[in-house]
Each structure stands twice: as C-alpha cells, then as structure tokens.
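Participant: So the sequence shown is numbered by my numbering: it starts at 348 and just counts up by one.
Backbone N, C-alpha and C fix where the C-beta goes; we use that ideal spot for every residue, glycine too.
Pasting in a structure now, in structure tokens, and then I'll have a few things to ask.
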Amino acid sequence: MKKKFLSLLFCDEKGNIYDDPAYVAAGRSGHSYSPLTLNDCIELPYGSEFFMLPQRYPVAFDKKLNQIVLKDRYALSVFLAPAYTQLYLPAFEKEKDAPVLPLFAYTAVGFYEGRFYVPAVRVDEDKRQDLKNFDRKKIIQKSKDLIKKYPQNRLIQHIIKNCALTYFCPAARNFVLGRYEAPLPTSRLCNSRCIGCISLQHKSSPIRSTQSRIKFTPTSDEIFETAMVHIKRAVNPILSFGQGCEGEPLLVSEILEESILKIRQSTKLGTINLNTNGSIPERLERLFKKGLDSARISLNSAQKNFYESYYKPQNYSFEDVKKSAIIGKNLKKWISFNYFTIPGFTDSEQEFESLRSFIKDTMPDMIQWRNLNIDPDWYFDNLNLKNLKNGLGIKYIMMELKKEFPHLRYGYFNPFLTT
C-alpha cells in the first residue's frame, strides 16, 4: 500500500500558519527525524493549541524523502489536548542563541487533504477535561456563588480565583462545576528541584514557571470543608492532593492525615488520591492506613541516574520512590505511575528495559502516559543525552508492556475506585 505523507506546516514571522505540499512534514524521536504518514497520525484533537517555535526552522523531507532544513520560515508545534499522548516531537533546527522554550509539551503536526493531523494516541476515553464540555458562563456564575458562600475558606478561594479563573485549570473548573476530580493543593514546599517544575523555577533558570505556587498551608478544617463541598455535588467524586500549583504534599502529611480522618469519619463516599513524588515511604504508609485510597507517583524515568538528573531529589533517593510503590501494593492500594513521556527517550531500548524491570518489582495498577512539558533539547541536555536514535515507538512499548503485564491499565486521569 502506498504511504500517504503529510504536508509540511510552518509559520511566518507573525505566527500565521501555512502549508507547503512541496515538502513532507517530519516528526522527531530523540535526535532523529522521520517523514510523517497518515498511519502515524490522528486528526488534531479539539482543544489542542498551535505554538510557533521562535528561532527554530522546520526540518522536512522533499518528495524524494531527502531531509532538508527550511530557514526561510519558522517551525510549528502543537500542544495536545488532555488525554492524548504524543508519538513524535516537532522537527526543527535551532539557532545557537535560540531561547529555551516555555514549559509546554511540543508535538509534531502536518496537513492532509484540508485537515490538521498529529502523531498521537488517545490513552484515556474519560471526557472529564475535554474542552468542549466546559461552559465558561456557567463556570463564572458558579465561581461567584462559591466565593460568596465560602468567604473564609482560603483553599476554596485559591482553587477558584487562582486555578479556575486565572490559569483555567481543568480540574479546578470541574470542582467549580461539581463533577469528576477536585484538586486539593496543600504544600508550599517541595523536596525535589525538578528542572521542569511548572510552579517554581530557580532565579538562575532560563525559563519561568507557568503558574504561581500556593502561598499558604490550608488547615485540615479548610481541606475537609472543600472536600465535602465536592463530595456532596459530584457523581463518583475524586479528591486529589498534590497539584501543579503546589510542592510535595508528603511534606505536610500530618495535615493530610487529619483531613483524611475527618473526611472518612463523615463519609465513605469518594476516592481520596495523592499525587506525589513518593519520596517519604513511611509517611505515605501512614496516609494509606488513615484512609488514602490511591497514589499517583511521578516518574520521568525508571533509571536512577536520569530520574535524579530531572528531579534533583533533596534528602530522598530513587529507592525511596520504588519503596513507596511497593508499600502501596502491599496494603492493597491503587498505585499509578505518572510517567512523563518524551519520544526518543521514553521508548529507547535502555529505558524500556528499565521500565519493564521496575514494573516487575512494583506491579502498579496503572500507567498515566503524560507528555512531558519541557523544551526537548533542554531536557536532553540536562540529562546528558546525545545522539538519541529513533525510538522503538511509544505505541510499540505500550503494546509490549500490555502483553507482559495484562493487568496494567493505561490512562491519563486518576480513576474513581469502586468499593
């Protein structure tokens, strides 16, 4: 069967988008480029955004599939809507003084018969963060109602004013609408120094954080009240500690323990979840014993050296993260890995084998295949990754892991757990 190649998309200096059927669009895996075909791609998901890449020129292929750099135009990328995992990065060559890209996930894009296509796969059919399901007018009105009803609750005020109305956080907007998963940010501090932290970047960093971090520690009464507001309104409610607008919640585990006890003394409804770096196993164990139902542990790599290059752990180790996952499973709790995915590294042979081994040792229930929000070149440089070859393929490693671990669930969101 003849391959159907996508046409190149690019930007002019004003950010206007054009297609050029004289060239084939390319995708990047590690430091390698491949022509994009229709079989690699899906139609651009609703809610995705286009990004012009400054001082970066598109790498493409001519009709004879010879690689070429087009320096008379700018490269284009897509930031995928939630629930989709990228398969290829955008293909570009950058100037030496090109700025580090902001903390978003960058995906290749092409054009075919009048439509935009991206190399991606939907990993979660849950529609909780589909953009078309958010009614802006309804969110604004319900926000006003909640702000007026709970004027003394700093956490509710933060979730609405900062998260829902300023940064348009989908989880916060769902809290406002009384559905799905509610965020419960709690910690101002963190014991990681992630190079891709979206809420706090060091002054020496070449990039800025994309949102502000919570500036107070809520009381257990504030957390309890916020949780009960959500549980009383939502069908199959989920409560999640550990958000992008905070540090590591295990550092305030005493407050979490108090909050979980109050919630569980009041109701058995809802799933209580913790998004965490898994750095303090003994504290996580206590939370599980107090009533925590699930934990999502973040990983960029199943290899100790690459994990530490990204997270830069402070007073904890990669072994602690592994121990936390094992503790959760020993207590029969739901354990997910929030696995930051970037083509060329995630699907490299070495990382794939390390992940297989890590799963064997920990036996998690789920992998959430989340695109890593970072400039790929900056990420590879920080991890000292050079000349990364074309990976095995993100879809391929998903398929192979499923064969070996058929119990393993794939997704993007924390699930509601039935009792």
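Taking buried to mean at least 16 other C-beta atoms within 10 Å of its own C-beta, is P446 buried or exposed?
Facilitator: exposed
Participant: May I have the straight-line CA-CA distance separating L639 from S606, to the nearest angstrom?
Facilitator: So the alpha carbons of these two residues sit roughly 10 Å apart.
Participant: Restricting to Cα atoms, I'd like to know which of P553, R475, G543, H549 is closest to A518.
Facilitator: R475
Participant: Could you pull the start and end residues of the alpha helix (DSSP H) that Q433 belongs to?
Facilitator: Note, Q433: premise wrong, no alpha helix (DSSP H); beta strand (DSSP E) at 431-433.
Participant: Would you kindly report the start and end of the unbroken beta strand (DSSP E) that includes S718?
Facilitator: Looking at the sequence itself, residue 718 is Asn, so the reference to Ser does not match. Start and end: 713-718.
Participant: So, for I494: in the same chain, excluding its five sequence neighbours on each side, which residues have a beta-carbon less than 8 Å away from its beta-carbon?
Facilitator: I503, Q504, I507, K508
Participant: Considering only DSSP beta bridges, list what V425 is partnered with.
Facilitator: F397, T454
Participant: Note down the Cα distance separating C592 from I744, rounded to an integer number of angstroms.
Facilitator: 31 Å
Participant: If you draw a straight line from the alpha carbon of N729 to that of A438, how long is it in whole angstroms?
Facilitator: 20 Å
Participant: State the Cα-Cα distance for the pair N662 and A642, rounded to the nearest angstrom.
Facilitator: 21 Å
Participant: Can you confirm whether the segment 531-547 touches the segment 580-598 when touching is taken to mean that 3 or more C-beta pairs between the two stretches lie within less than 8 Å?
Facilitator: yes
Participant: Do P401 and L417 have their CB atoms nearer than 8 Å?
Facilitator: no
Participant: Compute the Euclidean distance between the alpha carbons of I570 and K615, then round it to the nearest angstrom.
Facilitator: 16 Å
Participant: Secondary structure at D359, three-state DSSP: helix, strand or coil?
Facilitator: coil
Participant: Report the three-state DSSP secondary structure of K484 (helix, strand or coil).
Facilitator: helix
Participant: In or out: F635 buried (at least 16 other Cβ within 10 Å) or exposed?
Facilitator: Classification for F635: buried.
Participant: From what residue to what residue does the beta strand (DSSP E) around T623 run?
Facilitator: Looking at the DSSP string, the run of the beta strand (DSSP E) that includes T623 is 618-623.
Participant: Quick one: is D359 buried, meaning 16 or more other Cβ sit within 10 Å of its Cβ, or exposed?
Facilitator: exposed
Participant: For D471, which residues from the same chain have a beta carbon less than 7 Å from its beta carbon, with the 5 sequence-adjacent residues on both sides left out?
Facilitator: A430, G758, Y759, F760
Participant: Tell me the residue span of the beta strand (DSSP E) that contains E629.
Facilitator: Per DSSP, E629 belongs to no beta strand (DSSP E); it is in the alpha helix (DSSP H), 628-637.
Participant: Specify the secondary structure class of V416 as computed by DSSP and reduced to three states.
Facilitator: Strand at V416.
Participant: My output table needs one value for F522: the three-state DSSP class, helix, strand or coil.
Facilitator: F522 falls in the helix class under three-state DSSP.
Participant: Can the beta-carbon of L755 be found less than 8 Å from the beta-carbon of L748?
Facilitator: yes
Participant: Is the distance from the Cβ of I364 to the Cβ of F397 below 8 Å?
Facilitator: yes
Participant: Do S395 and V425 have their CB atoms nearer than 8 Å?
Facilitator: yes
Participant: What are the boundary residues of the beta strand (DSSP E) that includes S376?
Facilitator: 373-376
Participant: Beta-carbon separation of D387 and P449 under 8 Å?
Facilitator: Their beta carbons are not under 8 Å apart, which means D387 does not touch P449 by this criterion.
Participant: Under the three-state reduction of DSSP, which class applies to G758: helix, strand or coil?
Facilitator: strand
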